[in-house]
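Report on the structure given below.
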Amino acid sequence: MPAVRRKRGRPRDPEADGRILAAASALILLRGFDAMTVDEVASNAGVGKATVYRRWARKEDLAVAAMEQLYRDEMPTPDTGSLRGDLAEAFRATLVFANSPAGGDYLRTLVRESMRDERMAALYREASRRAATSAEQVFERAWSRGELRPDVPVEAAVRLLTGLVVMATVMRTPPPSVSDLDALVDLVLVGVSA
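In terms of this note's numbering, the sequence shown opens at residue 1 and continues consecutively.
This is how it looks when you write it as structure tokens:
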């Protein structure tokens, strides 16, 4: 039997993806996409720059993946078994994030960069679109349980809270707080309930 030849180089680190995304998310939260560099992401993640580029060919691809991960970590899509419960959990996570120092900084950076540069706006829109697709699952499950009218504009329902938060950021006023949670959930439920 001929000897089995081993591949050259170190084996792929299965935890590198998570470290890279965490480093990129932290830098986007801290300074925004434009100021984030792949060199700094690689250094903070404890990997080489080539490792980052093997997984994400462009800085923009890395940024979208990092923002998706940030949304999943900070505002996960709940599944409590009821629309009210799901909305309450989702809204609570969003309001806690929006009212935190890091979340507030991120929202201000997002709005500022999006207004300044269409390329940045496109990146943030793509990450937000993917997060919204995940949030739509809440309404799809509610529809299958009979909690939702069939004619509900799901996209508008999903955007309601984020719209309020972003508008507060643009107007430089405080976003809704966790104390507004029940009123916001009731507002959506009145509009969508079967």
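For glycine and all other residues, C-beta sits at the position ideal for the given N, C-alpha and C.
The model shown is predicted, which means the values in this text are computed figures rather than measured ones.
Secondary structure of S100 (DSSP, three-state): coil.
Linking W56 to D39 through their CA atoms gives a straight-line distance of about 13 Å. Shown here, S114 sits in a helix according to DSSP, grouped into three states. The continuous alpha helix (DSSP H) containing E68 extends over residues K59 to E74. The C-beta separation of E126 from V154 comes to about 19 Å, leaving the pair out of contact by the 8 Å criterion.
Within the model, the alpha-carbon separation for N44 versus R72 is close to 21 Å. Straight across, the Cα-Cα distance linking L181 with F139 is about 18 Å. For the set V111, F91 and E68, the Cα lying nearest the Cα of R31 is the one of V111.
Less than 9 Å separates the beta-carbon of A98 from that of V165. Contact between the segment 77-89 and the segment 47-61 is absent: fewer than 3 CB-CB pairs across the two stretches fall below 8 Å. Using a Cβ-Cβ distance cut-off of 8 Å, the segment 140-151 and the segment 171-188 are not in contact, since fewer than three pairs of beta carbons, one from each stretch, lie closer than that value. Counted as a single uninterrupted DSSP element, the stretch harbouring M36 is not any alpha helix (DSSP H), since DSSP gives it neither H nor E. Per DSSP, reduced to three states, the secondary structure at S193 is strand. Remark: C-beta atoms of L161 and A90 approach each other more closely than 9 Å. The beta carbon of D186 lies closer than 6 Å to none in the same chain, with the five residues before and after it left out. Secondary structure note for T51: its alpha helix (DSSP H) is the uninterrupted segment K49 to R55.
For L161, the enclosing alpha helix (DSSP H) starts and ends at V154 to M171.
A straight-line Cα-Cα distance of about 34 Å links R108 and L148. If you draw a straight line from the Cα of A132 to the Cα of S25, it comes to about 18 Å.
In this structure L189 does not touch R92 by the C-beta definition: roughly 15 Å separates them, more than the 8 Å allowed.
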